[in-house]
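Undergrad:
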Amino acid sequence: MTQVETDTVLQNNEQFINASYNGMTILVRQSDGYINATQFYEQYNKRFRRLLITDHWKDYIKAETDELIDQSQNMQITDEKGFASKRAPPQIMYQINKGYDNQYKGYYVHPRLINYIAICISPKYAVIVRKIMDSINENSQ
């Protein structure tokens, strides 16, 4: 797959990066690293909203959220007085629908979700991932 050159765009004092994920173009919000899944899906003439309503997606989001919660419970933050507290898990997905040009609007997802989304979007990408996983499986036996 060919790599996509990255460039940075400023929108409402917010930086967005057009980047590459294994040869596929993604739009990343610089402030948190979240990826515009709506825009990613639309490149392939698909609607992200259709994925959102599936039970498989809901189950996947729950599993990833549970994983993030488990990890955040193991992380502690110490304030300036030396008191430790649990770190809140990051938000897994949010929507931007006002105050930005249309190309920046949509659902933004945690970077952990991009592989799953890429598999849903691109059969070629799914085959590449399957080959990698098969290779790992063969080498571990």
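Per our numbering, the very first residue in the sequence shown carries number 186; after that it's consecutive. Beta carbons are placed, not taken as given, at the ideal position from N, Cα and C, and that holds for glycine.
Take the Cβ of Leu-195 as the centre, count every other Cβ of all protein chains shown within 10 Å, and call the residue buried at 16 or more, exposed below.
TA: Per the 10 Å Cβ criterion, exposed.
Undergrad: Quick one: is Tyr-229 buried, meaning 16 or more other Cβ sit within 10 Å of its Cβ, or exposed?
TA: exposed
Undergrad: I need the boundaries of the beta strand (DSSP E) containing Ile-327, first residue and last residue.
TA: Residue 327 lies beyond the stretch modelled for the chain, which goes from 186 to 326, so this question has no answer here.
Undergrad: For the beta strand (DSSP E) that Tyr-279 lies in, which residues bound it at each end?
TA: 278-281
Undergrad: So is His-241 buried or exposed if we call it buried at 16+ other beta carbons inside 10 Å?
TA: Exposed, since its Cβ has fewer than 16 Cβ neighbours within 10 Å.
Undergrad: Which class does Thr-193 belong to by DSSP, given the choice of helix, strand or coil?
TA: strand
Undergrad: Going by beta-carbon coordinates alone, are Ile-246 and Ile-299 separated by less than 7 Å?
TA: no
Undergrad: Give the C-beta separation of Ile-277 and Thr-250 to the nearest angstrom, bearing in mind that I take them to be a contact with Cβ-Cβ under 8 Å.
TA: With a Cβ gap of about 5 Å, Ile-277 and Thr-250 count as contacting.
Undergrad: Could you pull the start and end residues of the alpha helix (DSSP H) that Thr-210 belongs to?
TA: Unbroken run through Thr-210 is the beta strand (DSSP E), 209-214; no alpha helix (DSSP H).
Undergrad: Could you give the distance in angstroms between the alpha-carbon of Cys-305 and the alpha-carbon of Asn-198?
TA: Roughly 32 Å separates the two Cα atoms.
Undergrad: For Gln-188, count neighbouring Cβ atoms within 10 angstroms of its own Cβ and tell me buried if that reaches 16, exposed if not.
TA: Here the model assigns Gln-188 a pLDDT of 48, short of 50, so the residue's position is not dependable and the matter cannot be decided.
Undergrad: Identify whether Tyr-301 lies in helix, strand or coil by the three-state DSSP scheme.
TA: helix
Undergrad: With DSSP as the reference, please indicate the residues paired to Asn-221 in a beta bridge.
TA: Tyr-293
Undergrad: State the start and end residues of the unbroken alpha helix (DSSP H) segment that holds Asn-324.
TA: 308-324
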